[in-house]
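**Q**
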Amino acid sequence: MKTVEEFFASNGFAIPAEERQTLITALLSEMEKGLAGEESSLMMVPTFVGVEGRVKEGASAAVIDAGGTNFRGALVSIPPRIEERENRPMPGSLEAVDREAFYQAFADEVRRILPKAQSKKIGWCFSYPATATQSLDAKLVRWTKNIKAPDVVGDYVGAELLKRLGGGEIAIVNDTVATLLAAKAVEGDKTYSSYIGFILGTGTNCAYVEKRDAIKKLPAGVMPDAAMIINAESGNFNKIPPSTFDKAVDAKSVQPGEGLLEKMIAGAYLGSIGLEIFKTAAKEGMFSAKAASQIAGLGKLETIDLDNFAAQFVKEGRTNPLDAIFAAPDDARMARRLAMPVFERAAVLTALHLAAFAIKSGEGEDPDRPIAINADGSTFYKTRAIPFAQAVKDELDDLLVRRRNIHYTIVPQVDDAPMIGAAIAALL
-10 MKTVEEFFAS
0 NGFAIPAEER
10 QTLITALLSE
20 MEKGLAGEES
30 SLMMVPTFVG
40 VEGRVKEGAS
50 AAVIDAGGTN
60 FRGALVSIPP
70 RIEERENRPM
80 PGSLEAVDRE
90 AFYQAFADEV
100 RRILPKAQSK
110 KIGWCFSYPA
120 TATQSLDAKL
130 VRWTKNIKAP
140 DVVGDYVGAE
150 LLKRLGGGEI
160 AIVNDTVATL
170 LAAKAVEGDK
180 TYSSYIGFIL
190 GTGTNCAYVE
200 KRDAIKKLPA
210 GVMPDAAMII
220 NAESGNFNKI
230 PPSTFDKAVD
240 AKSVQPGEGL
250 LEKMIAGAYL
260 GSIGLEIFKT
270 AAKEGMFSAK
280 AASQIAGLGK
290 LETIDLDNFA
300 AQFVKEGRTN
310 PLDAIFAAPD
320 DARMARRLAM
330 PVFERAAVLT
340 ALHLAAFAIK
350 SGEGEDPDRP
360 IAINADGSTF
370 YKTRAIPFAQ
380 AVKDELDDLL
390 VRRRNIHYTI
400 VPQVDDAPMI
410 GAAIAALL
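Its first residue numbered -10, the sequence shown is counted upward by one per residue in the numbering used here.
1. Span of the alpha helix (DSSP H) holding Ile254?
2. Let me confirm a value: Phe369 is counted as buried when at least 16 other C-beta atoms fall within 10 Å, else exposed. Which label applies?
3. To the nearest angstrom, how far is it from the Cα of Leu416 to the Cα of Ala160?
4. Does the stretch 207 to 225 come close enough to the stretch 237 to 244 that 3 or more CB-CB pairs lie under 8 Å?
5. For Leu249, collect the residues of the same chain with a Cβ closer than 6 Å to its Cβ; drop the 5 residues on either side in sequence, then sort them by chain order.
6. Closest to Phe91 by C-alpha separation, out of Arg153, Glu46, Leu327, would be which residue?
7. State whether the stretch 352 to 371 contacts the stretch 313 to 328, with contact taken as three or more CB pairs (one from each stretch) at a distance under 8 Å.
8. Given this structure, state the Cα-to-Cα distance separating Lys349 from Ser282, to the nearest angstrom.
9. Between the alpha carbons of Gln123 and Glu41, how many angstroms are there, rounded?
10. Quick test of your reading: Ala127 and Ala138, contact by CB under 8 Å. State the CB separation rounded to the nearest angstrom.
11. Enumerate, from N- to C-terminal direction, the unbroken beta strand (DSSP E) stretches of 3 or more residues contained entirely within the stretch 130 to 173.
12. Could you check the C-alpha separation between Lys206 and Tyr397 for me, to the nearest Å?
13. Which residues in the same chain have their Cβ closer than 6 Å to the Cβ of Ala321, if we skip the five residues on either side of it in sequence?
14. From Arg393 to Gln379, what does the alpha carbon distance come to, in whole angstroms?
15. Just grab the DSSP bridge partners of Ala51 for me.
16. Assuming Arg74 and Arg61 form a contact by the criterion Cβ under 8 Å, report the distance between their Cβ atoms to the nearest whole angstrom.
17. Report the rounded CA-to-CA distance for Thr58 versus Pro78, giving the unit in angstroms.
18. Shortest alpha-carbon distance to Glu46 belongs to which of Glu305, Ser108, Met20, Leu24?
19. Just tell me which of Gly112, Thr191, Glu84, Ala347 has its CA closest to the CA of Ala414.
20. By the three-class DSSP mapping on this structure, what secondary structure does Asp365 have?
21. The beta strand (DSSP E) that contains Gly112, what's its start and end?
22. Just how far apart, CA to CA, sit Ala196 and Leu259?
23. In three-state terms, what does DSSP make of Met217?
24. My output table needs one value for Pro78: the three-state DSSP class, helix, strand or coil.
25. Beta strand (DSSP E) containing Glu199: first to last residue?
26. Where does Thr233 sit, in a helix, a strand or coil, going by DSSP?
27. Does the beta-carbon distance from Val65 to Met408 come in below 9 Å?
28. By how many angstroms is the C-alpha of Lys272 removed from the C-alpha of Glu176?
29. For Pro80, which residues of its own chain have a beta-carbon under 7 Å away from its beta-carbon, when the five flanking residues on both sides are left out?
30. Consult DSSP for Lys279 and reduce its assignment to one of helix, strand or coil.
31. Spatial neighbours of Asn225 within its chain, please: C-beta separation below 8 Å, excluding the five flanking residues on both sides.
32. Quick check on the DSSP output: the beta strand (DSSP E) that includes Ser183 runs from which residue to which?
33. Please identify the residue among Ile254, Leu83, Pro68, Lys110 whose C-alpha is closest to the C-alpha of Lys173.
34. Just verifying my parser: in three-state terms, what is the DSSP assignment at Thr11?
35. Between which two residues does the beta strand (DSSP E) holding Ala209 run?
36. Can you name the start and end residues of the alpha helix (DSSP H) that Thr339 belongs to?
Now the structure itself:
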């Protein structure tokens, strides 16, 4: 029987230290191509949102946050304070709605909050696939999360909302860009040379600040002197050699061939990777006959169950199928040895991901002006199997500080980052 190390090596799962720089180089190459408008796995979407300046203390804005089956409205002030918060069902989440009903729901919420805001510009975190405009509007490309409002697809949603309000100003950002901007809300007297926003929850994405002259696909005269935030859509990066298990997970996914990095590190997929590992290991005789038979019959595995099992954590009120399948001590020990690398590899790939964007920013040389990384998401902060955030930091210290003298800081977690970032977009 193979050792655990031999098993992972034979299935292409390990990421040797010598390959990590190669992957960073590949990420940087894809960024350059995306910025030039060439074929790339990274969309590198210009947002036309900058980060210059500081928000006046006490400034407030009306904010709406839409990106799931609910939307929220609130009055957000800086330093971060959220008041008048209300949650409502996302129009189209419960039943199909037409264009007028869709925008009316948001208009009603803005009318409730806007008179109490210092700024008359509205902040909107809109986290569905959309293209950004120089006026900080967003053109909806398609719905996700089963939203049923087909008339709205193709709309410039900001302009349509303002029509219902009788005019005004709006700044629309997605959740990753908002997460980046939220770092400015907590910077206080600190001085950062640049900013990165990173989400690692059910899915993943990264945004960073790029110099104008590097964004070669922009027409001449568009923000000629300014740096702007780029929404990389980095979960689509596809240059990491997939393991046997990654190939199996991708083949069974809704969109094979898409979001390959996301499928290696995000919470929606880690349980599936673990299940493929267990099933392959069972075929290779690494479990008892009883456990092998049971794992072969398991149709799916949630990431929370893989994580809790690896951490030997029992969640009250939740039955973990792995506890029963690997009830025998020898099976349990083997299964945990096979499960832990799923999270360890995700941490390494997360660090490579962030390191590449820090390098691409061209900043961080001065330790007194580090790059601020604002991370958000349950996989980054709530993984139990390993101390995930610390594992990422340890890798970044090696990849950036020791090897390249690039200084960074992961800012303390910012609660309600999408709403706070949307307020910053309206107030800057």
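Glycine is no exception: its CB is placed at the ideal position from the N, C-alpha and C atoms.
**A** Let me lay it out:
1. Taking the first residue of the sequence shown as position 1, residue 254 is located at position 265. Annotation: the continuous alpha helix (DSSP H) that includes Ile254 extends over 251 to 254.
2. Translated into the one-based positions of the sequence shown, residue 369 becomes position 380. So Phe369 counts as buried.
3. Counting from 1 along the sequence shown, the entry for residue 416 is found at position 427. Counting from 1 along the sequence shown, the entry for residue 160 is found at position 171. So the alpha carbons of these two residues sit roughly 9 Å apart.
4. no
5. Numbered from its first residue, the sequence shown carries residue 249 at position 260. Asn227, listed in sequence order.
6. Residue 91 sits at position 102 when you count from the first residue of the sequence shown. Residue Arg153 is the option with its Cα nearest to Phe91.
7. no
8. Within the sequence shown, the letter at position 360 stands for residue 349. Within the sequence shown, the letter at position 293 stands for residue 282. If I take the Cα positions, the gap works out to 48 Å.
9. Taking the sequence shown and counting its residues from 1, the one referred to as residue 123 is at position 134. Taking the sequence shown and counting its residues from 1, the one referred to as residue 41 is at position 52. For Gln123 and Glu41, the distance between alpha carbons rounds to 16 Å.
10. As a position in the sequence shown, residue 127 is number 138, starting the count at 1. As a position in the sequence shown, residue 138 is number 149, starting the count at 1. Going by Cβ atoms, the distance from Ala127 to Ala138 rounds to 14 Å, so no, they are not a contact pair.
11. 158 to 162
12. Numbered from 1 along the sequence shown, position 217 holds the residue referred to as residue 206. Numbered from 1 along the sequence shown, position 408 holds the residue referred to as residue 397. Straight-line Cα distance between these residues: approximately 28 Å.
13. The residue you call residue 321 lines up with position 332 of the sequence shown. Phe315, listed in sequence order.
14. The count along the sequence shown starts at 1 and reaches residue 393 at position 404. The count along the sequence shown starts at 1 and reaches residue 379 at position 390. Arg393 and Gln379: Cα-Cα distance of roughly 20 Å.
15. Along the sequence shown, read from residue 1 onward, the residue named residue 51 stands at position 62. BP columns for Ala51 point to Leu64.
16. Numbered from 1 along the sequence shown, position 85 holds the residue referred to as residue 74. Numbered from 1 along the sequence shown, position 72 holds the residue referred to as residue 61. Sure, about 6 Å apart at Cβ, within 8 Å.
17. One-based indexing of the sequence shown puts residue 58 at position 69. One-based indexing of the sequence shown puts residue 78 at position 89. Rounded to whole angstroms, Thr58 to Pro78 spans 6 Å at the Cα level.
18. As a first step, residue 46 is located in the sequence shown; it is residue number 57 there, counting from the start. It is Ser108.
19. Residue mapping note: residue 414 aligns to position 425 of the sequence shown, counting from 1. Checked all of Gly112, Thr191, Glu84, Ala347; the closest Cα to Ala414 is Gly112.
20. Walking along the sequence shown from the start, residue 365 turns up at place 376. It is a strand residue.
21. Working through the sequence shown from its first residue, we reach residue 112 at position 123. From DSSP, the beta strand (DSSP E) with Gly112 extends over 110 to 115.
22. Within the sequence shown, residue 196 is the residue found at index 207, counting from 1. Within the sequence shown, residue 259 is the residue found at index 270, counting from 1. So the alpha carbons of these two residues sit roughly 23 Å apart.
23. By 1-based counting over the sequence shown, the position of residue 217 is 228. Three-state result, Met217: strand.
24. Here residue 78 is taken as the residue at index 89 of the sequence shown, counted from 1. Residue state, collapsed to three classes: strand.
25. Locating residue 199 in the sequence shown gives position 210, where the first residue counts as 1. In the DSSP assignment, Glu199 falls within the beta strand (DSSP E) that extends over 193 to 199.
26. Along the sequence shown, read from residue 1 onward, the residue named residue 233 stands at position 244. Of the three classes helix, strand and coil, the one that applies to Thr233 here is helix, per DSSP.
27. Reading the sequence shown from its first residue, position 76 is the one you call residue 65. Reading the sequence shown from its first residue, position 419 is the one you call residue 408. Yes, they are a contact pair.
28. Reading the sequence shown from its first residue, position 187 is the one you call residue 176. Reading the sequence shown from its first residue, position 283 is the one you call residue 272. Straight through space, the alpha carbons of Lys272 and Glu176 are spaced by roughly 53 Å.
29. Reading the sequence shown from its first residue, position 91 is the one you call residue 80. Closer than 7 Å at the Cβ level, and outside the excluded window around Pro80, lie Val86, Ala90, Phe91, Ala94, Ala138.
30. Counted from its first residue, the sequence shown places residue 279 at position 290. In this structure, Lys279 counts as helix in the three-state DSSP scheme.
31. Reading the sequence shown from its first residue, position 236 is the one you call residue 225. Cβ within range, chain order: Ser30, Leu31, Met32, Glu247, Gly248, Leu249, Leu250, Glu251.
32. Along the sequence shown, read from residue 1 onward, the residue named residue 183 stands at position 194. Note, Ser183: beta strand (DSSP E), 183 to 189.
33. Numbered from its first residue, the sequence shown carries residue 173 at position 184. Out of Ile254, Leu83, Pro68, Lys110, Pro68 has the C-alpha closest to the C-alpha of Lys173.
34. Translated into positions along the sequence shown, residue 11 becomes position 22. Residue state, collapsed to three classes: helix.
35. Stepping through the sequence shown from its first residue, residue 209 is reached at position 220. Premise fails: Ala209 is in no beta strand (DSSP E) and is neither H nor E.
36. On the sequence shown, position 350 is the one that residue 339 refers to. Unbroken alpha helix (DSSP H) run through Thr339: 318 to 350.
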